[in-house]
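Reading through the structure tokens given below for one structure.
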Amino acid sequence: MRSVELGPFPDVAGYEAATTLDAADRLQPFAARFVPTDPDLIYLDGNSLGRLPAATVRHLQEVVEREWGAQLIRSWPDRWWELADQVGSQIAPLVGANPAEVIVADSTTVAILKLTVAALNARPRRRRIVTDDLNFPTDVYATGAAAKLVGGREITIVPSTDGVHGPVDEIVAALDEDTALLTLTHVAFKSGYRYDMERLTRAAHSVGALVLWDLSHSVGAVPIDLDGVGADLAVGCTYKYLNGGPGSPAFLYVSEQIAPEVENPFSGWWGHESPFAFDLDYAPASSIRRFQTGTMPILSLAAVETGVALTAEVGIEDLRHKSIGLSEFFIEQVHMHLEPLGFQLASPRDADQRGSHISLRHPDGWRIVRAMIDSAAIIPDFREPDNLRFGFTPLSTSYTDLHTAVVRIVNLMDADLPQTYPQTRSTVT
Ligand SMILES: *Cc1c(COP(=O)(O)O)cnc(C)c1O
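Our numbering puts the first residue of the sequence shown at -16, with every later residue one more than the last.
Set out below in structure tokens:
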């Protein structure tokens, strides 16, 4: 890939701009806190799987050798039993919650199922659930599963007009006195559109509906104030911007206001008031613990501990500031160098309406992504039918990375490299 980078298009002015921005970047030292990759690799997929913090390697070694290997079952009372609460408390300030409102449990999909059933049961006489077509498909599947379990409910999927911006006015118009729940992803996984959480929460509450926010693409990347906007329920993923590792468990938020009205529909011993009494009658814990069901995956959970700690150490305001800086720089580079090659911005132009990733569209997107990964050492990802997604993780992405990525893309397009890849799609990028 070096030959591609040093090809006919070196863009010296862009390089100088990028190095100046990097020199002024307070977060630059944090890149060294991750396990190094191949030095040529430009990883722009931290919104799908975050990088591995070096602290996580040390921590997991300790958890495996000492807590599991040496301490064995004594680690349950000493540490593991409380770990999901503890990590939930670490996540709480990142989402504007108090520690008693957040618990780690399940996968995001299962967490959506649980909280949606809980919300529908709390609004028994309302038939409708409202969402949009920018939502992540698994969210819609889990919402459908919840509707089926509860029975007698229907889902309205409000379409976006351009596939990029959330249909805000149309969603507000779709809410009525028969709506039980508004369920949306805060930052859309494809276009990166970010909803105004306060406005939509208020709109749902004004008709008496509850709101469930999916924070998977926003936690650790954009400031979130669940308590401040009066949100009811939320879920989020820990393996994206929080760097918790592949398949690390999700988190659930239940606001203190709504807590007395909602129950975990899937009772299990981990949500029991006194699990070690082994009583056959289920009595839910009074705390947020009652939203847990079964045994937590402790090794994964331990990785979330160090991932979240790193984010908390930096602080969300600085992360957001750099994320906007990176996105604006990238959009300018795209405008100058990639739009003439047939790429189009498929994310909102206004930073206020975005999360921390940018999508581009290109009719030959699939083959371009293949060429980027195989021949140019850039890892973005691809979303059907023609979306190239570039995730910016402020802890580890530099301005120079983005500049180099654009230079390599120009050079691989000039060299017609995408044409050497087949049109046929394989599975995961
Ligand atoms: C990543 C993501 C998920 C993933 O759900 P899992 O159950 O962890 O597979 C769900 N929803 C959204 C919006 C996501 O971004």
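Don't be surprised by glycine CBs; every beta carbon is placed ideally from N, CA and C.
Bridge partners - residue i, DSSP secondary structure assignment
{"i": "serine 342", "result": "Arg372"}
{"i": "threonine 114", "result": "Ile140"}
{"i": "alanine 292", "result": "Answer is none; alanine 292 lacks a bridge partner."}
{"i": "alanine 228", "result": "Note that residue 228 is glycine in the sequence shown here, rather than alanine. Its beta-bridge partners do not exist; DSSP assigns none."}
{"i": "tryptophan 196", "result": "Leu167, Ala217"}
{"i": "valine 274", "result": "Going by the sequence as given, residue 274 is phenylalanine instead of valine. Phenylalanine 274 pairs with nothing; no bridge assigned."}
{"i": "arginine 366", "result": "Asn370"}
{"i": "leucine 17", "result": "First, the residue type needs correcting, since residue 17 is phenylalanine and not leucine in the sequence shown. DSSP output for phenylalanine 17 lists Pro36 as bridge partner(s)."}
{"i": "isoleucine 361", "result": "Ile25"}
{"i": "leucine 328", "result": "Leu343"}
{"i": "proline 267", "result": "His255"}
Contact check, residue i vs residue j, beta carbons under 8 Å
{"i": "arginine 136", "j": "leucine 103", "result": "yes"}
{"i": "leucine 158", "j": "alanine 192", "result": "yes"}
{"i": "leucine 371", "j": "glycine 348", "result": "yes"}
{"i": "threonine 99", "j": "alanine 129", "result": "yes"}
{"i": "threonine 114", "j": "leucine 167", "result": "yes"}
{"i": "leucine 321", "j": "serine 358", "result": "no"}
{"i": "alanine 260", "j": "tyrosine 236", "result": "no"}
{"i": "threonine 383", "j": "aspartate 5", "result": "yes"}
{"i": "isoleucine 341", "j": "phenylalanine 312", "result": "no"}
{"i": "glycine 33", "j": "leucine 225", "result": "yes"}
{"i": "leucine 27", "j": "alanine 388", "result": "yes"}
{"i": "valine 390", "j": "proline 19", "result": "no"}
{"i": "valine 170", "j": "threonine 221", "result": "no"}
Under the three-state DSSP convention, the category residue i falls into
{"i": "alanine 233", "result": "coil"}
{"i": "tyrosine 26", "result": "strand"}
{"i": "proline 36", "result": "strand"}
{"i": "threonine 407", "result": "coil"}
{"i": "valine 85", "result": "strand"}
{"i": "histidine 148", "result": "coil"}
{"i": "tyrosine 222", "result": "coil"}
{"i": "serine 258", "result": "Reading the sequence as shown, one finds proline at residue 258 and not serine. In the structure shown, proline 258 sits in a helix (DSSP, three-state: H, G or I)."}
{"i": "threonine 91", "result": "helix"}
{"i": "arginine 177", "result": "strand"}
{"i": "threonine 162", "result": "strand"}
{"i": "leucine 302", "result": "helix"}
{"i": "proline 206", "result": "coil"}
{"i": "phenylalanine 106", "result": "Residue identity differs from the one stated: residue 106 is arginine in this sequence, not phenylalanine. Looking at arginine 106 - three-state DSSP - the assignment turns out to be coil, as it is neither helix nor strand."}
{"i": "arginine 337", "result": "strand"}
{"i": "glutamine 54", "result": "coil"}
{"i": "phenylalanine -8", "result": "coil"}
Backbone CA spacing between residue i and residue j [nearest angstrom]
{"i": "glycine 149", "j": "proline 142", "result": "8 Å"}
{"i": "aspartate 8", "j": "isoleucine 299", "result": "15 Å"}
{"i": "methionine -16", "j": "leucine 24", "result": "Note that methionine -16 has pLDDT 44, beneath the 50 cutoff, so the model's placement of it is unreliable and no number is given."}
{"i": "glutamine 402", "j": "arginine 350", "result": "7 Å"}
{"i": "tryptophan 253", "j": "alanine 88", "result": "10 Å"}
{"i": "alanine 398", "j": "alanine 354", "result": "11 Å"}
{"i": "glycine 467", "j": "aspartate 21", "result": "It is not possible to answer for residue 467, since the shown part of the chain is limited to -16 through 412."}
{"i": "leucine 96", "j": "glutamate 246", "result": "13 Å"}
{"i": "glycine 52", "j": "proline 60", "result": "16 Å"}
{"i": "threonine 3", "j": "glutamine 316", "result": "15 Å"}
{"i": "alanine 204", "j": "glycine 134", "result": "36 Å"}
{"i": "serine -14", "j": "serine 306", "result": "Because the pLDDT at serine -14 is just 47, under 50, the model does not fix this residue reliably, and the value given afterwards should be weighed accordingly. Answer to the nearest angstrom: the Cα atoms are 29 Å apart."}
{"i": "leucine 183", "j": "tyrosine 404", "result": "44 Å"}
{"i": "glycine 213", "j": "leucine 55", "result": "42 Å"}
{"i": "leucine 117", "j": "glycine 146", "result": "7 Å"}
{"i": "valine 123", "j": "lysine 131", "result": "12 Å"}
{"i": "leucine 66", "j": "serine 231", "result": "14 Å"}
{"i": "proline -9", "j": "alanine 156", "result": "53 Å"}
{"i": "proline 243", "j": "alanine 360", "result": "51 Å"}
{"i": "valine 352", "j": "histidine 318", "result": "19 Å"}
{"i": "alanine 37", "j": "alanine 15", "result": "9 Å"}
{"i": "valine 85", "j": "asparagine 30", "result": "22 Å"}
Of the listed residues the options, nearest to residue i (C-alpha basis)
{"i": "glutamate 50", "options": "Trp64, Asp122, Leu343", "result": "Trp64"}
{"i": "leucine 324", "options": "Ile392, Asp122, Val147", "result": "Ile392"}
{"i": "leucine 293", "options": "Ala67, Val237, Trp196, Ile74", "result": "Ile74"}
{"i": "arginine 460", "options": "Ile341, Ala163, Arg185", "result": "Lying before the first or after the last residue shown, residue 460 is absent from the chain, which here runs from -16 to 412."}
{"i": "glycine 308", "options": "Leu385, Gly29, Ala242, Val287", "result": "Leu385"}
{"i": "phenylalanine 172", "options": "Asp364, Ala(-4), Val194", "result": "Asp364"}
{"i": "phenylalanine 375", "options": "Val287, Lys223, Leu395, Ser270", "result": "Lys223"}
{"i": "leucine 195", "options": "Gly29, Thr92, Val18", "result": "Thr92"}
{"i": "proline 12", "options": "Ala360, Ser379, Asp262", "result": "Ser379"}
{"i": "aspartate 68", "options": "Leu209, Ala233, Gly175, Tyr26", "result": "Ala233"}
{"i": "phenylalanine 119", "options": "Leu209, Phe(-8), Leu198, Ser238", "result": "Leu198"}
{"i": "aspartate 264", "options": "Gly251, Ile271, Arg272, Phe274", "result": "Gly251"}
{"i": "leucine 343", "options": "Phe326, His42, Arg332", "result": "Phe326"}
{"i": "glycine 219", "options": "Ser31, Pro243, Ala94, Val(-5)", "result": "Ala94"}
{"i": "leucine 35", "options": "Gly290, Pro368, Phe373", "result": "Gly290"}
{"i": "proline 267", "options": "Thr126, Val202, Pro248, Val40", "result": "Pro248"}
{"i": "proline 107", "options": "Glu160, Ala125, Gly228", "result": "Glu160"}
{"i": "leucine 43", "options": "Ala295, Ser409, Ile281", "result": "Ile281"}
{"i": "phenylalanine 274", "options": "Ser90, Gly(-3), Thr126", "result": "Ser90"}
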